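Residues 1 to 231 in the numbering used here are what the sequence shown spells out, letter by letter. Step one of this worksheet: look at the structure below.
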Amino acid sequence: MSSSAEIPTHLGLILDGNRRWAKANGVSVAQGHRRGYQNLKTVARAALKYGVRYVSAYVFSTENWQRDQQEVRDIMSILKWVLKHEVKEFNKDNIRLRVIGSKAKLGAALLTAIHDAEKLTENNTAGTILLCLDYGGQQEIVDAVKRIAASGVDPADITADLIANNMYAPDVPPLDLIIRTSGEQRLSNFMTWEAAYSELAFNAKNWPEFSEADLQQAMDNYGQTHRRFGK
1 MSSSAEIPTH LGLILDGNRR WAKANGVSVA QGHRRGYQNL KTVARAALKY
51 GVRYVSAYVF STENWQRDQQ EVRDIMSILK WVLKHEVKEF NKDNIRLRVI
101 GSKAKLGAAL LTAIHDAEKL TENNTAGTIL LCLDYGGQQE IVDAVKRIAA
151 SGVDPADITA DLIANNMYAP DVPPLDLIIR TSGEQRLSNF MTWEAAYSEL
201 AFNAKNWPEF SEADLQQAMD NYGQTHRRFG K
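Pasting the structure below:
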């Protein structure tokens with residue numbers, strides 16, 4: 001990667017293709033999701049090494065609850081294992097781990113694991129990985145508006161900044177670059193508010209096959225883009 005290239009501060013990853021990878025390789029869907037997590041760890045660490053400060057990964061959407069219930073249980077089991085065990089490795093490397101989303105349907109054990117992982121890593125400074133869990137971009141905006149309404153703010157005083165300050169992670173800057181794998185070219189309700197001016201990169205590979213070289217290419221392309229922000 002060119003040392004003079006502009007580095008995105010906030011990188012979004014839409015991790016698409018775990019199930020397709022599993023089918024193509026003759027393994028279970030659960031194994032596909034486990035392989036997907038291992039690749040997320042590799043790619044997110046590489047991004048932080050390049051100078052990205054925030055990596056947001058779309059690990060489970062509000063719509064994903066409609067999937068086969070065994071698959072949902074497998075994903076939640078993987079996430080709980082990551083938050084209870086893998087977090088120690090992130091903490092050792094000074095990486096902060098955060099989980100954002102509605103969380104309304106998450107079980108008590110998973111909520112406890114989230115709390116403990118966030119508490120353990122909250123002072124780490126080498127970069128932040130945000131797991132978007134039970135997350136929907138539209139739901140995030142709805143929740144922000146509900147918080148504003150509950151505070152009694154006059155509707156005439158509601159601004160874009162006020163809404164932004166009531167999102168799940170108001171201290172995190174907007175997305176600069178979003179990468180989606182598996183050849184699909186849509187955002188699928190990912191960080192709708194934060195993606196307003198982000199650059200988009202689509203890769204045909206299924207997520208478990210997405211490599212550090214693919215990340216480098218996407219970031220090099222981003223570094224050559226002149227962002228206008230509507231101007």
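Beta carbons are placed, not taken as given, at the ideal position from N, Cα and C, and that holds for glycine. Quantities reported herein were computed from a predicted structural model and do not represent experimental measurements.
Contact between residue 93 and residue 47 does not hold, since their C-beta atoms are separated by about 13 angstroms, which reaches or exceeds 8 angstroms. Classified as buried, residue 62 has 16 or more neighbouring CB atoms from the shown chains inside 10 Å of its CB.
When beta bridges are read from the DSSP output, residue 6 appears opposite no residue. Each residue's CA atom was taken as its position, placing residue 105 and residue 26 some 31 angstroms apart. For residue 54, the enclosing beta strand (DSSP E) has its first and last residue at 54-61. Taking the CA atoms as reference points, residue 89 sits about 22 angstroms from residue 10.
The straight-line gap separating the alpha-carbon atoms of residue 65 and residue 135 is approximately 11 angstroms. With a cutoff of 8 angstroms on beta-carbon distance, residue 197 and residue 170 are scored as not near each other.
In the displayed model, residue 104 falls within coil according to three-state DSSP, outside both helix and strand.
Taking the Cα of residue 56 as reference, the smallest distance to any Cα among 177, 214, 186 and 184 is reached at 177. Remark: C-beta atoms of residue 50 and residue 167 do not approach each other more closely than 8 angstroms. By the beta-carbon neighbour count (other beta carbons within 10 angstroms, threshold 16), residue 201 is buried. Within a 10 Å sphere around the beta-carbon of residue 208 sit 16 or more other beta-carbons, which makes this residue buried. Burial is judged here by how many other beta carbons sit within 10 angstroms of a residue's own beta carbon; residue 142 has fewer than 16 and is exposed.
Runs of the alpha helix (DSSP H) lying entirely within the segment 92-172, each at least 4 residues long, are 108-121, 137-150 and 160-164 in chain order. Ranking 159, 203, 190 and 161 by CA distance to the CA of residue 180 puts 203 first.
The Cβ neighbour count for residue 116, taken over all protein chains shown within 10 Å, is under 16; the residue is labelled exposed.
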